[in-house]
Amino acid sequence: MQAGAPGVPFKAAIVLIAAAGGLIAGAFAQPTGAPPHDAADAPRHDVAVAAPPPFYTTRFAKAPSAAQMSALGRALFRDPALSASGRIACATCHSPSRAFGPPDGAPVRRGGVDGRRPGVRAVPSLRYLQSVPPWSEHVFDEETGADQGPTGGLTWDGRSPSAHEQARVPLLSPYEMANASIGAVVSAVRRSAHAAQFRDAFGANVFDDPELAFQAVLLALETYQQDPAEFYPYSSKYDAWLRRQASLSDQELEGLAAFNDPERGNCARCHPSAVRDGAFPQFTDFGYAGIGAPRNSAIPANADPRHFDLGLCGPLRADLATRADYCGLFRTPTLRNAALRRVFFHNGVLHRLEDVVRFYAERDTRPERWYPRAPDGRPLTFDDLPQGYRGNLEQAAPFGRRAGDPPALGERDVAAIVAFLNTLTDGYRP
């Protein structure tokens with residue numbers, strides 16, 4: 212990796228180098244014969260207890276190389292033994308052949324201790340997350356100084372500040388791999404075919420301390436997800452076009468124009484398409500938006516009419532529960548490899564890219580095409596968001612028109628934008 216590589220501005224490159232190399236640099240000087248913790252080490256209520264050290268200062272007996280950790284992370288990512296059911300690996304839901312997104316058109320995946328408990332959100336892709344900043348309520352544009360508002364963090368609601376914290380979520384989530392504790396995860400790794408590699412990388416006694424071993428698991432998974440070849444290859448036709456190594460068809464160029472046009476698609480407002488500061492575009496501004504996707508009755512949790520997934524303000528994220536102005540907002544995903552997906556939006560309610568683009572064009576102008584109807588025939592718009600939060604929804608173009616108005620995008624525009632979006636799929640060969 213080098214500073215100034217496609218899609219990695221110099222500042223971001225420094226961060227990534229720290230993530231790929233600096234995370235193993237600390238002082239790996241823990242004595243291999245250190246005794247395990249026991250009751251005498253338990254915190255006392257009459258004594259101030261120091262906060263745990265930062266993640267990247269963890270002291271292992273050996274300093275593993277980035278290559279060792281990436282290889283371990285790759286093996287762990289594909290191993291179902293790390294789940295309570297023994298049937299679900301990270302790769303089960305984040306399919307490598309689908310740009311580490313969902314493998315099929317199911318709106319949610321099933322997990323849990325028996326592998327049958329349904330989740331509540333569609334699976335996001337793990338590609339092109341290398342430059343996502345940590346969560347912040349206020350991020351200011353370097354050129355204009357404008358406040359972009361809530362930005363960053365991983366998962367649909369930004370509650371994970373880093374790739375290792377994101378890796379923790381599925382390992383312990385009752386909807387996903389459903390391990391009862393970090394000790395259960397560590398026991399699974401100790402029994403796995405990777406145990407010898409772990410000891411070789413982190414030290415012979417790495418499994419003696421479950422907390423330490425669990426951090427090694429997270430570190431391996433995080434390092435693997437910094438592998439450019441697998442997670443941010445910049446190998447699409449559009450990337451080749453930016454390098455002047457390929458030509459876009461007339462329809463693809465027409466789609467790019469509609470995508471960028473503030474009066475038509477206005478897609479680049481949240482999914483920037485241009486090279487900036489030498490970096491290839493991520494096709495996301497890492498921000499949050501309320502789109503008003505229709506309620507998905509195929510999600511079992513939605514059988515309860517009182518259940519609403521409100522994104523930033525819960526229920527999976529708890530620290531912003533009182534921020535009514537954030538309810539209904541979800542993180543803007545990258546559009547790279549979107550053509551490989553079969554489920555779209557946080558609830559997986561749509562299944563074709565064409566329909567996603569049409570929904571943007573017709574949400575307000577032809578709501579009857581997208582929402583259920585009341586007994587009197589009225590469309591029940593924004594049926595997956597309580598009335599009090601609907602003021603949070605996006606109104607900028609192509610939204611903001613009235614029912615019956617011509618949509619901002621015609622069918623030719625829709626087809627052209629879809630053709631352009633197909634140029635964002637990695638693995639292009641001239």
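Per my numbering: the sequence shown = residues 212 to 641.
Cβ coordinates follow ideal geometry from the N, Cα and C atoms, glycine included.
Contact set for Phe555: own chain, Cβ-Cβ below 6 Å, skip 5 residues either direction: Leu561 and Val567
Where Thr355 falls, given that 16 or more other Cβ within 10 Å makes a residue buried: Looking at its Cβ environment, which holds fewer than 16 other Cβ atoms inside 10 Å, Thr355 is exposed.
Pairwise C-alpha distance: Asp461 and Trp367: 35 Å
Other residues of its chain near Tyr339: CB distance less than 7 Å, five sequence neighbours each side excluded: Tyr443, Gln493, Thr545 and Arg547
Coil, strand or helix - Arg542 by DSSP: strand
Run of the alpha helix (DSSP H) containing Arg528, from where it starts to where it stops: It is not in any alpha helix (DSSP H) - Arg528 carries neither H nor E in the DSSP assignment.
Given 8 Å, three or more beta-carbon pairs between the stretch 342-362 and the stretch 380-396: no
7 Å Cβ shell around Leu283 - same chain, five flanking residues per side excluded: His405, Gln408, Phe409, Ala412 and Ala431
Assigned secondary structure, Asp594 (DSSP; H/G/I helix, E/B strand, else coil): It is coil, neither helix nor strand.
Pro242, buried or exposed, once every other Cβ within 10 Å from all chains shown has been counted against 16: Reliability fails at Pro242, whose pLDDT of 32 lies under 50, so the model's placement of it is uncertain and no value is given.
Test: Lys448 CB closer than 7 Å to a CB of chain B: Checking the listed chains, one finds no chain B in this structure; it contains a single protein chain.
Same chain only: Cβ atoms within 8 Å of Phe593, ignoring 5 sequence neighbours per side: Sequence-distant partners of Phe593 (beyond 5 residues in either direction) whose C-beta falls short of 8 Å from its own C-beta, in its chain, are Gly503, Tyr582, Arg601 and Leu604.
Every unbroken alpha helix (DSSP H) inside the stretch 576-638 [4 residues or more]: 622-633
Cβ neighbour criterion (16 or more within 10 Å) applied to His557: Taking a 10 Å sphere around the C-beta of His557, we find 16 or more other C-beta atoms and assign the residue as buried.
Alpha-carbon spacing of Pro344 relative to Pro372, whole angstroms: 8 Å
Proximity of Ser447 and Tyr639 at Cβ, strictly below 7 Å: Yes.
Residues near Tyr499 in its chain [Cβ-Cβ closer than 8 Å; skip 5 each side]: Gly360, Pro361, Thr362, Gly369, Gly522, Leu523, Tyr537, Leu540, Phe541, Arg542 and Thr543
Sequence-distant residues of the same chain with beta carbon closer than 6 Å to Gly233, five excluded per side: Because Gly233 sits at a pLDDT of 40, beneath the cut-off of 50, its placement in the model cannot be relied upon, and the following sentence gives the value as read from the coordinates. Excluding positions up to five away in sequence, the list is empty.
Where Asp461 sits in the DSSP three-state scheme: helix
Whether Arg401 touches Phe418 by CB criterion (7 Å): yes
Contact under 7 Å by Cβ, Ala302 with Arg285: no
Through-space distance from Pro329 to Ser342, alpha-carbon basis: 30 Å
Pair within 7 Å by beta-carbon distance, Glu433 and His375: yes
Under the three-state DSSP convention, the category Ala490 falls into: strand
Strand pairing of Arg328, partner residues [DSSP]: Gly322
Close-in-space but distant-in-sequence residues of the same chain around Pro511 (CB under 6 Å, 5 per side omitted): Pro329
Proximity below 7 Å, CB of Ala310 to CB of Ser336: With respect to Ser336, Ala310 sits close: the two C-beta atoms are nearer than 7 Å.
Contact set for Leu467: own chain, Cβ-Cβ below 6 Å, skip 5 residues either direction: Phe631
Contact between the stretch 606-617 and the stretch 571-582 (3+ Cβ pairs under 8 Å): yes
Endpoints, the alpha helix (DSSP H) within which Trp452 is located: Lys448 to Leu453
Contact check, Ile628 vs Ala469, beta carbons under 7 Å: Between Ile628 and Ala469, the C-beta spacing is below 7 Å.
Check: Phe631 C-beta below 6 Å from any heavy atom of the ligand FMN: Looking for the ligand FMN in the displayed structure turns up nothing, as the structure carries no ligands at all.
Rounded straight-line distance, which links the Cα of Ala608 to that of Thr533: 29 Å
Per-residue DSSP class, three states only, for Ser347: Looking at Ser347 - three-state DSSP - the assignment turns out to be strand.
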